[in-house]
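Going by this note's numbering, the first residue of the sequence shown is number 804, and it counts up by one from there. Quick reminder that beta carbons are idealized off the backbone N, C-alpha and C, glycines included.
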Amino acid sequence: MQTSEDWAWWKPVGAASLTWGFWKIYDSELRTPSGRFEPANGDPLALVITYSRDIDADDLLEATVEQWEHLGFSQQQIEAWLPNMEGVWPNVKEGDRLIYVLSQDKGQFFYQPKQGKAEPTGTLNNANLANAFSAIWLSPATAYPSLRLALIGGNTE
């Protein structure tokens with residue numbers, strides 16, 4: 804499993820901002836050791852999200868569920884995953900970062916306050932869950948295809 808410092812040295816693959824109407828929700832960046840998005844290789848990746856507004860942890864969890872529903876995961880599967888997700892995120896403030904590192908089918912969450920160090924907040928040891936979380940941004944079926952395209956560096960796979 805990666806440490807909180809490893810991902811920081813990885814090369815950027817791409818970056819994108821999520822907006823809702825006139826409001827920017829967050830800036831995101833995808834990083835990998837090689838600087839390329841090559842999902843077939845199973846290379847580790849880090850998704851770094853810097854929030855542009857305050858968001859409650861419950862709202863982050865609710866948005867995660869909505870995205871999984873969009874991706875077609877069953878309600879039964881989502882309900883099985885939720886206990887693993889609860890408590891992973893704090894309430895975020897403008898400028899805070901959440902980092903998700905996926906490596907060897909395991910996921911690690913980190914929280915970094917605007918003026919602080921990244922600290923681990925949770926681990927996903929279930930490969931299906933770990934990959935389902937990254938699929939929110941990186942699956943071809945994502946709700947935000949232009950954001951995905953920018954994150955993966957314009958690669959169409």
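- Spanning the alpha carbons of Ala819 and Ile828 requires a straight line of approximately 11 Å.
- DSSP assignment within the region 873–929 yields the following whole alpha helix (DSSP H) runs of 4 residues or more, N-terminal first: 878–888.
- Residue range Pro948 to Leu954 is occupied by the alpha helix (DSSP H) that includes Arg951.
- Residue range Trp826 to Thr835 is occupied by the beta strand (DSSP E) that includes Thr835.
- About 16 Å separates the CB atoms of Trp940 and Ser855; that is not less than 8 Å, and the two are not in contact.
- Just measuring C-alpha positions, the residue of Asn844, Leu821 and Pro815 sitting nearest Gly838 is Pro815.
- By the CB criterion at 8 Å, Asp908 and Ala930 fall inside the cutoff.
- For Ser942 against Leu874, the beta-carbon gap comes to about 6 Å, under 8 Å, which counts as contact.
- Its Cα nearest to that of Thr945, the residue Thr867 stands out among Ala811, Thr867, Thr835 and Leu863.
- As the crow flies, the alpha-carbon of Arg951 is around 19 Å from that of Arg900.
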